[in-house]
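Asks: A single structure is presented below for examination.
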Amino acid sequence: MRSKVTVVGAGNVGATAVQRIHQLGYADTVLVDVVEDLPQGKALDMLESGPVIGSDAQVIGSNDYEATANSDVVVITAGIARRPGMSRDDLLLTNMNITTAVTEQNILESSGFPRNRVFGMAGVLDTARFRTFIAQELNVSVEDVQAYVLGGHGDDMVPLVRYTTVGGIPISEMLSEETVGALVQRTRQGGGEIVALLKAGSAFYAPSASITQMVEAILLDKKRILPGCAYLEGEFGINGLCVGVPIKVGAGGMEQVIEIKLMDHEQKALEASAASVQELVEKVAGRSSRERELLDKAARYLPGGGSGNTNFPESVNFLAREGRGSHIWDVSGNEYVDWLMGSGPMVLGHAHPAVVEAVIEAVGQGSTFFTTNEKAVLLAEELVNSVPCADKVRFTTSGTDACFQCMRAARAYRKREKVLKFEGGFHGTSDYALMSVTPSSAEEFPQAVPNSGGIPKAIQDLMLVAPYNDLDTTATIIEAHHDELAAVIVEPVQRIISPKSGFLQGLRELTKRYDIRLIFDEVVPDSGWNTAGHRYITGSLLTSAPWVKSWAAVIRWPQ
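Quick note on numbering: the UniProt record's numbering labels position 126 of the sequence shown as 126, and the sequence is numbered without any gaps.
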C-alpha cells in the first residue's frame, strides 16, 4: 500500500512538489487549495503524466480538507509569491493570515503535536543554494559539496564555513576567505536574486526539490542528516523557538536534533539569528513572550481564560497593562483606543489626575470599614440631593447586588414572588437576572429562558419575560399575572435601544394600577451621565452606578 502525502497550496511550489513526489512513484498525493477547480486541474494534468514517467501513484486535487484524512505527511506551501523589493520578513507578515487559516483547517490540534511532527525545510533550501554556488565556483559536482546553513531563513542566516567541505576537504583549503565571504553573502540574498530576475513570482524549483528530499527521507525512513527548522528545547542554548539546525529525518519525523560544537563567533551569530526569529514571531503575533506567557496562565487559571464577558478570540486576545485617558496599552506595549471604557463609568478616562489624587487620599485614611463611615453619609446626602425624587440610598458592591436587593425588597413589600423583566435586559449575574438576556430559542412570552447552567427550575418559574418596547404585550402579561407579581424591572434605555414614546409612562401607569414595584435599573444607562429617572418618569426603586463602578446604589423614592 502506497503512502499518502498532502500538499496544501496549489501554487508553483506546491504543484511542483506534488509533481516531483508523483515521479518518485511511492506515494499518492493530494493537492489542496481554496481556489475552486485549481487543484483539481493541476492534479489531473500530473496524473496523466503517469504513463510517461512510469508512475502508478494517484494524484488528487481538492478544495476540501477532508481529502487529507490519513495522510502520512502534510506539507504546507500556501501563500503568495515574493515580489521584487520584498524581504523574507515582509513576505512572512503578508502570508501570516493565509498560513494561519490553513493551519486551523488542516491541523486543528496542531498545538498538541510533539516537536518531531512539525518542522520546516528552509535550511535545506539555503544549504542547497550555498552548495550550488560553491560547486560553480570550483567547477566540481554538487554531490561532493557538503555544507550547513543554520539559523533563520533571512539575511542573518548562518552558513557554517568551518563545516563546509568539498570531497571531504575543508573549503578554506580551496577558496580564499574573500571568495567564501562573497558566496555566503550571495546565499543570504539567494531568494531575492531570483525574484529580481523573474520580475513576477519567486523561486519554486529549488524549494519544491527541498520539500521532496525531506518527504522522501520520512517515507523511506532514510535517517538523513539535514539542516531543517526544528523547535529547540535547550539545544544550542536556545529554548522554545523554531530555528534552523542539523536534524535527523526519518519515519519518526524530526527524530533528533544534532548538536555540533560551535566556536564563539558562530554561536553568537546563531543566537543573533534566533533573536531575529523571535522578534518576527512576536511581530507576527503582536505579542511579547511575557504577554504570551500570561495569556497561557490566564487560560490555565481563569475560567474561559478571562474575566467577565470581554474574552476575545485567541487570534486577537490581549492583556491590558495600563490606561491613560481614552487609551489603554497591553503587556506587549500595543496601544488601543478604549471604546469599552469599563462598560460605561470611565467617562473621565483612565487615571484622571484628580481621580487618582482623591483615591490615594481616601485609601490613606483607611480602605474598608465594617461600620458606617463619614464618607458614606456625605455621599448618600449628595446622591439624594442630586436626584430630586430620591429619599434614601443603600450602597452595594455591584450592579448585580443592587438589582438583587431591589427584587428582594419588592418581594418583601408585595408579599409576592414573581418578577417581570424584559427580553435582552441585563440586570447582573444573579440567578434571577440571567434570564432571556440572549435567549437561545424562541419561547412564547412570558416564558423565561435561563442563560446559564446551574439555575434552578424553581427560580426560572419565578421570572416572567416581556418584549421590550411592546407595551400591549407587556400589559397583557401584567394583567394576567398582577396578583403574582412583586415587581417589574427594566433598563429605561436598554443599552443602545431607546424606549418608544409612551412605553415607560405606560409601564409606570400599569404598575401603579396594581401596586407593583417598578424598578429602574440605570447601572449601565446612568454611568455618570444622568441624575436618575428617565424623562422625569420615576420608578419605585432605582439602581445606579454613577462614575465609579466599584459600587452601586439602591435609591428609594418616598411613598
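Beta carbons: idealized from backbone N, C-alpha and C, even for Gly.
Output the boundary residues of the alpha helix (DSSP H) element that contains residue 494.
Replies: Per DSSP, residue 494 belongs to no alpha helix (DSSP H) and is neither H nor E.
Asks: Given residue 267, which residues of its chain have a CB within under 8 Å of its CB, disregarding the five upstream and five downstream residues?
Replies: 236, 237
Asks: In the stretch 423–502, which residue ranges form an unbroken alpha helix (DSSP H) of at least 4 residues, counting only runs that do not cross its ends?
Replies: Runs found: 457–460, 471–481.
Asks: I'd like the span of the alpha helix (DSSP H) that includes residue 246, first residue to last.
Replies: Counting along the chain, residue 246 falls outside any alpha helix (DSSP H), though it belongs to the beta strand (DSSP E) covering 239–250.
Asks: Using the beta-carbon count (16 or more within 10 Å), is residue 365 buried or exposed?
Replies: exposed
Asks: Count the other CB atoms, across all protein chains shown, that sit within 10 Å of the CB of residue 302; report buried if there are 16 or more and exposed otherwise.
Replies: exposed
Asks: Suppose you measure from the CA of residue 335 to the CA of residue 231; what does that come to, to the nearest Å?
Replies: 31 Å
Asks: On the three-state DSSP scale, how would you describe residue 160?
Replies: coil
Asks: Residue 350 by DSSP, collapsed to three states: which one?
Replies: Secondary structure at residue 350: strand, using DSSP grouped into helix, strand and coil.
Asks: Can you tell me where the alpha helix (DSSP H) holding residue 33 begins and where it ends?
Replies: Where residue 33 is concerned, there is no enclosing alpha helix (DSSP H), given that its DSSP letter is neither H nor E.
Asks: With a threshold of 6 Å on Cβ separation, who are the neighbours of residue 506 within its own chain once the five nearest residues in sequence on each side are excluded?
Replies: So the qualifying residues of the chain are 471.
Asks: Output the residue ranges of the beta strand (DSSP E) runs that lie fully inside the UniProt domain "Lactate/malate dehydrogenase C-terminal" (125–284) and measure 3 residues or longer, sorted by chain position.
Replies: Restricted to the UniProt domain "Lactate/malate dehydrogenase C-terminal" (125–284), the beta strand (DSSP E) segments that are unbroken, complete and at least 3 residues in length are 224–233, 239–250, 253–257, listed in chain order.
Asks: Can at least three beta-carbon pairs, one atom from the stretch 119–128 and one from the stretch 145–157, be found at a separation below 8 Å?
Replies: The answer is yes - the stretch 145–157 touches the stretch 119–128, with three or more Cβ pairs under 8 Å.
Asks: Name the DSSP bridge partner or partners of residue 62?
Replies: 32
Asks: If we call anything under 8 Å between Cβ atoms a contact, is residue 161 one with residue 171?
Replies: yes
Asks: Roughly how many whole angstroms lie between the Cα atoms of residue 273 and residue 191?
Replies: 17 Å
Asks: Any idea which residues DSSP pairs residue 327 with across the strands?
Replies: 324, 337
Asks: Looking at the structure shown, is residue 109 part of a helix, part of a strand, or coil, going by DSSP?
Replies: The pLDDT assigned to residue 109 is 34, lower than 50, so where the model puts this residue is not dependable, and the model offers no usable value.
Asks: Using only the alpha-carbon positions, how far apart do residue 409 and residue 402 sit?
Replies: Taking C-alpha positions only, residue 409 is separated from residue 402 by approximately 11 Å.
Asks: Would residue 435 and residue 489 be called neighbours here (beta carbons separated by less than 8 Å)?
Replies: no
Asks: Whether or not the stretch 31–45 and the stretch 176–189 are in contact is what I'm after, with contact meaning three or more pairs of Cβ atoms, one per stretch, closer than 8 Å; do they touch?
Replies: no
Asks: Roughly how far, in whole angstroms, is the beta-carbon of residue 500 from the beta-carbon of residue 451, given that I think they are within contact range, below 8 Å?
Replies: Between residue 451 and residue 500 the Cβ distance is about 25 Å, and since that is not below 8 Å, they are no contact.
Asks: Pull up the distance between the alpha-carbon of residue 400 and that of residue 291, whole angstroms please.
Replies: 31 Å
Asks: Does the beta-carbon of residue 527 have 16 or more other beta-carbons within 10 angstroms, so that it is buried, or is it exposed?
Replies: Unreliable placement is indicated for residue 527, whose pLDDT of 49 sits below 50; the coordinate value is still reported in the next sentence. With 16 or more Cβ atoms within 10 Å of its Cβ, residue 527 is classed as buried.
Asks: According to DSSP, simplified to helix, strand and coil, what is residue 415?
Replies: coil
Asks: Do residue 4 and residue 63 have their CB atoms nearer than 8 Å?
Replies: no
Asks: Would you mind working out which of 423, 386, 381, 433 sits nearest residue 404, comparing C-alpha positions?
Replies: 433
Asks: Tell me whether the beta-carbon of residue 590 lies closer than 8 Å to the beta-carbon of residue 33.
Replies: Summary: the structure shown does not reach residue 590, with the chain confined to residues 1 through 559, and so no result is reported for it.
Asks: Can you check DSSP and say which residues form a bridge with residue 7?
Replies: 31, 75
Asks: Using CA atoms only, rank isn't needed, just tell me which of 249, 209, 327 is closest to residue 220.
Replies: 249
Asks: Distance check for residue 288 and residue 324, CA to CA, integer angstroms please.
Replies: Each residue's Cα considered, the two are about 21 Å apart.
Asks: Taking 7 Å as the limit between beta carbons, can you name the residues of its chain near residue 473, skipping five residues before and five after?
Replies: 445, 466, 467
Asks: Can the beta-carbon of residue 75 be found closer than 8 Å to that of residue 8?
Replies: yes
Asks: When DSSP builds the beta bridges, which residues end up paired with residue 510?
Replies: Looking at the DSSP assignment, residue 510 forms no beta bridge with any residue, so it has no partner.
Asks: By alpha-carbon positions, which one of 458, 523, 483, 459 ends up nearest to residue 397?
Replies: Checked all of 458, 523, 483, 459; the closest Cα to residue 397 is 523.
Asks: Between which two residues does the alpha helix (DSSP H) harbouring residue 19 extend?
Replies: 12–24
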